[in-house]
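One structure below.
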Amino acid sequence: MKVIYSSKFYTFYQSERERCFYLDLGQKTVRLPFCQLLALRHKVMSIPIEDHFNSDLNKHGFEMLMLCNKEHFFILNTLEILDLKNLVDHSFSSLGISSENVLV
């Protein structure tokens with residue numbers, strides 16, 4: 001497996017032999033086909049990080065994340081969410097499939 005990107009809490013791998021990706025979340029490694037990788041990006045980028053700094057909207061600063069059709073369940077704190085957002089952004093950029101909005 002080839003390491004695509006590594007952050008403080010997570011590591012993202014690509015397996016060319018199996019034609020899939022792996023996300024090492026520390027306590028568990030999750031196998032992600034491309035369609036589930038896209039779903040992961042959508043879920044992670046949809047997390048409103050601003051709510052973690054407003055005690056009325058997110059009292060405890062945790063986020064629940066379910067992956068692969070609810071097969072995997074994670075509870076992440078604010079720092080882990082920020083790190084996961086960073087990992088997803090850099091991983092997609094490294095793969096050349098980033099969806100950055102470019103103004104012309």
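Residue numbers for the sequence shown follow our numbering, so the first one is 1 and each next one is one higher.
Where is the CB? At the ideal position from N, CA and C, for every residue including glycine.
Predicted model only: the values in this text are computed from it and were never measured.
C-alpha gap between residue i and residue j, whole angstroms
| i | j | result |
| --- | --- | --- |
| residue 31 | residue 45 | 19 Å |
| residue 16 | residue 10 | 20 Å |
| residue 20 | residue 14 | 6 Å |
| residue 76 | residue 62 | 6 Å |
| residue 73 | residue 88 | 18 Å |
| residue 104 | residue 60 | Reliability fails at residue 104, whose pLDDT of 46 lies under 50, so the model's placement of it is uncertain and no value is given. |
| residue 5 | residue 93 | 10 Å |
| residue 58 | residue 34 | 31 Å |
Three-state secondary structure (DSSP) of residue i
| i | result |
| --- | --- |
| residue 2 | strand |
| residue 9 | coil |
| residue 22 | strand |
Residue i, buried or exposed, once every other Cβ within 10 Å from all chains shown has been counted against 16
| i | result |
| --- | --- |
| residue 49 | exposed |
| residue 42 | exposed |
| residue 97 | exposed |
Contact belief for residue i with residue j at Cβ below 8 Å, rounded distance in angstroms
| i | j | result |
| --- | --- | --- |
| residue 83 | residue 28 | Wrong, their Cβ atoms sit about 16 Å apart, outside the cutoff. |
| residue 12 | residue 25 | Going by Cβ atoms, the distance from residue 12 to residue 25 rounds to 10 Å, so no, they are not a contact pair. |
heavy atom of the ligand GTP below 6 Å from residue i C-beta
| i | result |
| --- | --- |
| residue 94 | The ligand GTP is not part of this structure, which contains no ligands at all. |
At what residue ranges does the segment 26 to 96 contain a whole run of the beta strand (DSSP E), taking only runs of 3 or more?
Taking 3 residues as the shortest admissible run, the segment 26 to 96 contains the following complete beta strand (DSSP E) segments, listed from N- to C-terminal end: 29 to 32, 62 to 67, 72 to 77.
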